[in-house]
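Enquirer: Take the sequence shown: its position 84, counted from the start at 1, is 83 in numbering that gives the first Met the number 0, and no numbers get skipped.
C-beta: ideal position from N, C-alpha, C; glycine also.
None of these values were measured; they are calculated from a predicted model.
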Amino acid sequence: MPKKYKPTEKVERKEKTEEDYIAEIERLKKELKKKKRYGLVWGEKPEEVVEMCKKKLPIVKEVKSKELITDKNKPVNLLIEGDNYHALSVLNYTHEKKIDVIYIDPPYNTGSENFIYTDNRYDTVKDDDPYKHSK
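1. Would a check of beta-carbon distances place T69 closer than 7 Å to chain D?
2. Around the C-beta of S64, are 16 or more other C-beta atoms found within 10 angstroms, so that it is buried, or is it exposed?
3. Expressed to the nearest angstrom, what Euclidean distance is found between the alpha-carbon atoms of K13 and S88?
4. Return the first residue and the last residue of the alpha helix (DSSP H) that E18 is part of.
5. Please go through the same chain and pick out, in chain order, the residues whose beta-carbon is closer than 7 Å to the beta-carbon of I98, but skip the five residues on each side of it.
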């Protein structure tokens, strides 16, 4: 524990050298490695979709036949069907600082082999109506 000084006591301060700073940085690095980290951890390499969206910006097409207008005097809500990253990339350009809430509903019961979640729950849904659970 560091020594405590009285307010009237003169304290001599030693100027730190470059070696002192390097030693302190190395000590802090070791300490950081000991602590358990929480939160989001980003991979070393960006996902393919991220790289693709840097070169080709997705385009959202309006489908008039699916338009839902309850009151022309109220704000419009959008329903975007597609890949989450693509939709968010577009909104980042078209609606920057204009969105209050985004609800992302991941796909489920698709039976996809490349899906990162357990996604083969067809045994609980009848084959004649696979979307029955979402109606």
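Expert: The answer reads as follows:
1. Among the chains in the structure shown there is no chain D, since it carries only a single protein chain.
2. Here residue 64 corresponds to residue number 65 of the sequence shown, with the count starting at 1. Burial is judged here by how many other beta carbons sit within 10 angstroms of a residue's own beta carbon; S64 has fewer than 16 and is exposed.
3. For the purposes of this step, residue 13 is taken as residue 14 along the sequence shown, with counting starting at 1. For the purposes of this step, residue 88 is taken as residue 89 along the sequence shown, with counting starting at 1. Cα to Cα, the separation comes out at about 53 Å.
4. Numbered from its first residue, the sequence shown carries residue 18 at position 19. Its alpha helix (DSSP H) spans residues E17 to K33.
5. To locate residue 98, count along the sequence shown from 1; it is residue 99. Cβ within range, chain order: L90.
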